[in-house]
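Undergrad: A single structure is presented below for examination.
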Amino acid sequence: MGECSAVARIGINHKNIPNMVGQITQLLADECININDMLNKSKGRFAYTLIDTDTRLSTDLLDKISNIEGILKTRIIKND
Numbered sequence: 021m022g023e024c025s026a027v028a029r030i031g032i033n034h035k036n037i038p039n040m041v042g043q044i045t046q047l048l049a050d051e052c053i054n055i056n057d058m059l060n061k062s063k064g065r066f067a068y069t070l071i072d073t074d075t076r077l078s079t080d081l082l083d084k085i086s087n088i089e090g091i092l093k094t095r096i097i098k099n100d
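Every letter in the sequence shown is one number past the one before it in the numbering used here, and letter 60, counting from 1, is 80.
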């Protein structure tokens with residue numbers, strides 16, 4: 021994805037299980053947050069997802085993402 025020109029970017033380590041990306045993107049949609057760019061890579065049982073948005077992400081939303089079953093770690097890369 022290269023250098024981040026979006027308002028916000030988060031990196032999410034999670035288990036590689038069905039509907040994981042769907043749960044994450046649904047939380048963003050519930051907050052009317054548009055995804056500008058997204059990358060998801062998996063290897064075996066684990067995956068990493070990068071999401072760029074055009075809206076700053078609230079602490080509450082980040083907590084909701086972190087609390088999804090199967091999320092291992094959430095990292096805020098940019099949140100201007």
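Just so it is clear, CB atoms sit at the ideal spot from N, CA and C, and this is done for glycine as well.
Shortest alpha-carbon distance to Ala26 belongs to which of Asp50, Arg95, Asp74, Leu70?
TA: The residue with the shortest Cα to Cα distance from Ala26 is Asp74.
Undergrad: If I follow the unbroken beta strand (DSSP E) through Tyr88, where does it start and stop?
TA: The residue you asked about is not Tyr; residue 88 is Ile in the sequence shown. Where Ile88 is concerned, there is no enclosing beta strand (DSSP E), given that its DSSP letter is neither H nor E.
Undergrad: Quick test of the definition: if touching needs 3 or more C-beta pairs under 8 Å, does the segment 63–77 touch the segment 26–40?
TA: Yes, they touch.
Undergrad: Can Leu47 and Leu81 be called in contact, C-beta distance under 9 Å?
TA: Contact: yes.
Undergrad: Any idea which residues DSSP pairs Ser62 with across the strands?
TA: DSSP, once it has assigned bridges, lists Ala67 as partnering Ser62.
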